[in-house]
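Engineer: Here's a structure for you.
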Amino acid sequence: MRQEWPTLHDIQQAYFTLVERYFAQPFAEMQRYKVSPHDVAEQLANREPTVQAFLHGADEMAAEFQQFWQSVRAPLDHHLHQLQGLKAVFGGDIAPSYTTNIVRSTGLYIDTILLPDPLQRIPEFFTSMRPHAAVYYMTKHALNILNYKSLALTRLSPPLLLVVPDYALMDASTRQMLTTSSIADLLLHSSKLFGRDFSMQEELSSFLHNLSGWETFMSRLVDPSRMLIDAESSAGLQEQLQEMRRTQGGNFDFQQYGDQWATIILMNLLGRMLTTNKLVMGSSYYHGTPLIDAPTSWQYLLWKYQYDSERGSETHQDMKDLFLSKVLQDLTLITDLPEQRLIDLRRRGALAELREILSRNIHEVDAASPSALAEVTQTVSTNLEEAFQKHKHDLDTYSQVKRNFGFDVGAFIATGSVTIAATSTGSIPLSLLALGLTLTVGAPSAKELWPKGKELVKTHQTIKRSPAGILFQQRKRKK
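Note that full-length UniProt numbering gives residue 136 to position 136 of the sequence shown, counting from 1, and the numbers run on in steps of one.
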């Protein structure tokens, strides 16, 4: 008889127990002194004995987290695929900002947020960063994830939050697919930046390193808007690039690659493509919706969808208008609720109808055929606008607020927007995943993987579309 699988709650409890094995004490100190994950992480990163201790134990720690996720992968996948409602996979950064709580901001509108485990990135921290920076980022993200423990362990159906393995980092084959897809997007993005084609990453790298300096680099940009560093910054591009060079130069050892500024630009763009592709791959695997709360990351997701659409148009001449984005502006949203208030409201079923409408309509976009995508997206946009208009009316009606929420939510009301984006054709690695392609002997090289994927798309054996993404932007209403 097969042993009974652990529940989602069991898996979450075991995960947080593992995190606390390493970070319980600094987390307790953080709570005791009411400081932020940044404050504690910065302090630990400035202690040389602590840095050396983490360096000595990093490999063992990384192996523990990887082994844990491998051990629960089958039951977790089973439970997640059975989960009802709108599942949103957080992405665009290693983890949500420690200054806000994304569940408290969106937990009345999204059924379950899936948060990829940031501590699976431990090997990446310690192989690419300077030691003090690796300790800082690892500690900051560990303490931040512990802030979500009570929400993840709250018994709700469906759960508010689940920490899940980062799908693209689970094995060599998916990591190779992630790299291949990201490099393809990097080359296409760079061709639009500089108005010329690049066939390989080495060609792009050589081009950047042969530019004589910042002035030459700026003069060669054909579309400077795609050299996006911070969509919310008022500083000019050159000023942002110089600030990025200053901050990243302190975290990474770029000197080994030669010309520092060219490498920083290349690594920044590739990092953006890796982060975006990882989100799309994970969302596709978990049957979830990519969730982003940062405008810069959202723009790179839109470009990802655009590039997939362009590649799809090359192989499917009958497909037009493959990339669409709809913005619902000036919405009235409930945001930043206290944790217990949010939990109580979800237990009472508050806004369940609105969440069901969101879930059903986003799933309709995901299921739309390429030829019907534009029409379906327009219909969905209209449906959601009507649903949020009703939501606003309910919030403006005292009796309705009392009935739905039981307390005055005025202090937690914000204005904001929700944007939904979709594209008809997905990346080549997603097409491979849709076929269930597995490689049992070693990992595929880019030379092996890319032609196979192109052939699958070209012959219509599969059209695996990237899941529709969603961006929540909120700002407090002025009193």
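For each residue, glycine too, the CB sits at the ideal point set by N, CA and C.
According to the neighbour-count rule (16 or more other Cβ atoms, all chains shown, within 10 Å of its Cβ), is Ala-421 buried or exposed?
Structural biologist: It counts as buried.
Engineer: Could you check what DSSP says for Gly-349 in three-state terms: helix, strand or coil?
Structural biologist: Reduced to three states, the DSSP call for Gly-349 is coil.
Engineer: Tell me whether Pro-6 sits in a helix, a strand or coil according to DSSP, three-state version.
Structural biologist: Pro-6: coil per DSSP, three-state reduction.
Engineer: Below 7 Å CB to CB, which residues in the same chain sit around Gln-299 once its five sequence neighbours on both sides are set aside?
Structural biologist: Closer than 7 Å at Cβ, skipping near neighbours: Leu-228, Ala-231.
Engineer: For Ser-157 versus Ser-284, is the C-beta distance shorter than 8 Å?
Structural biologist: Not in contact: Ser-157 and Ser-284 (Cβ atoms no closer than 8 Å).
Engineer: How do the stretch 67-86 and the stretch 122-141 stand: do at least 3 beta-carbon pairs fall below 8 Å, yes or no?
Structural biologist: Segments in contact, no.
Engineer: Would you decide whether Leu-109 is buried or exposed? Buried here means 16 or more other CB atoms lie within 10 Å of its CB.
Structural biologist: The residue asked about is misnamed: residue 109 is Tyr in this sequence, not Leu. That one is buried.
Engineer: Report buried or exposed for Asn-277, applying the criterion of at least 16 other Cβ atoms within 10 angstroms of its Cβ.
Structural biologist: With 16 or more Cβ atoms within 10 Å of its Cβ, Asn-277 is classed as buried.
Engineer: List the endpoints of the continuous beta strand (DSSP E) containing Thr-112.
Structural biologist: That run of the beta strand (DSSP E) goes 112-116.
Engineer: Is the distance from the Cβ of Leu-395 to the Cβ of Ile-413 below 8 Å?
Structural biologist: Yes.
Engineer: Taking the CB atoms as reference points, tell me whether Leu-160 and Gly-91 lie closer together than 8 Å.
Structural biologist: It is not a contact, given that the beta carbons lie outside the stated cut-off.
Engineer: Starting from the C-beta of Leu-237, find all residues in its chain whose C-beta is less than 7 Å away, skip the five residues before and the five after it, and write them out in chain order.
Structural biologist: Hits under 7 Å: Pro-224, Met-227.
Engineer: Relative to the C-alpha of Val-376, which candidate in Ala-468, Leu-333, Leu-345, Lys-34 has its C-alpha closest?
Structural biologist: The shortest Cα separation from Val-376 among Ala-468, Leu-333, Leu-345, Lys-34 belongs to Ala-468.
Engineer: Can you name the start and end residues of the beta strand (DSSP E) that Phe-217 belongs to?
Structural biologist: Per DSSP, Phe-217 belongs to no beta strand (DSSP E); it is in the alpha helix (DSSP H), 214-220.
Engineer: For Phe-207 and Leu-358, I'd like the C-alpha separation in whole angstroms.
Structural biologist: Whole-angstrom Cα-Cα distance: 45 Å.
Engineer: Between which residues of its own chain and Asp-366 is the CB-CB distance below 6 Å, once the five residues before and five after are set aside?
Structural biologist: So the qualifying residues of the chain are Pro-467, Ala-468.
Engineer: Just to confirm before moving on: does the CB-CB distance between Ile-113 and Ile-102 stay below 8 Å?
Structural biologist: A contact, by the Cβ cut-off of 8 Å.
Engineer: Return yes when at least one heavy atom of the ligand FAD lies under 7 Å from the C-beta of Ile-122, else no.
Structural biologist: Absent from the structure shown: the ligand FAD. Ligands present: none.
Engineer: Excluding the 5 residues flanking Leu-188 on each side, which residues of the same chain have their C-beta closer than 6 Å to its C-beta?
Structural biologist: Closer than 6 Å at the Cβ level, and outside the excluded window around Leu-188, lie Tyr-307.
Engineer: Which residues bound the alpha helix (DSSP H) around Gly-57?
Structural biologist: Start and end: 48-82.
Engineer: Could you give the residue range of the alpha helix (DSSP H) that holds Pro-96?
Structural biologist: Premise fails: Pro-96 is in no alpha helix (DSSP H) and is neither H nor E.
Engineer: Going by Cα to Cα distance, which pick from His-141, Leu-345, Ser-128, Leu-83 is closest to Leu-8?
Structural biologist: Comparing Cα-Cα distances from Leu-8 to each of His-141, Leu-345, Ser-128, Leu-83, the minimum goes to Leu-83.
Engineer: Going by DSSP in three states, Phe-194 sits in which element: helix, strand or coil?
Structural biologist: In this structure, Phe-194 counts as helix in the three-state DSSP scheme.
Engineer: Excluding five sequence neighbours on each side, which residues of the same chain lie with their C-beta closer than 7 Å to the C-beta of Arg-341?
Structural biologist: Nothing listed; no residue qualifies.
Engineer: Output the boundary residues of the beta strand (DSSP E) element that contains Thr-377.
Structural biologist: Counting along the chain, Thr-377 falls outside any beta strand (DSSP E), though it belongs to the alpha helix (DSSP H) covering 373-396.
Engineer: Could you please give me the residues that DSSP links to Gly-469 through a beta bridge?
Structural biologist: Ala-421, per the DSSP bridge assignment.
Engineer: Look up Thr-296 in the DSSP assignment and say whether it is helix, strand or coil.
Structural biologist: Of the three classes helix, strand and coil, the one that applies to Thr-296 here is helix, per DSSP.
Engineer: Could you give the first and the last residue of the continuous beta strand (DSSP E) run that contains Gln-120?
Structural biologist: No beta strand (DSSP E) contains Gln-120, which DSSP labels as neither H nor E.
Engineer: Kindly indicate which residue of Gln-378, Leu-324, Gln-13, Gln-25 has the alpha-carbon position closest to the one of Arg-155.
Structural biologist: Taking only the C-alpha atoms, the option nearest Arg-155 is Gln-13.
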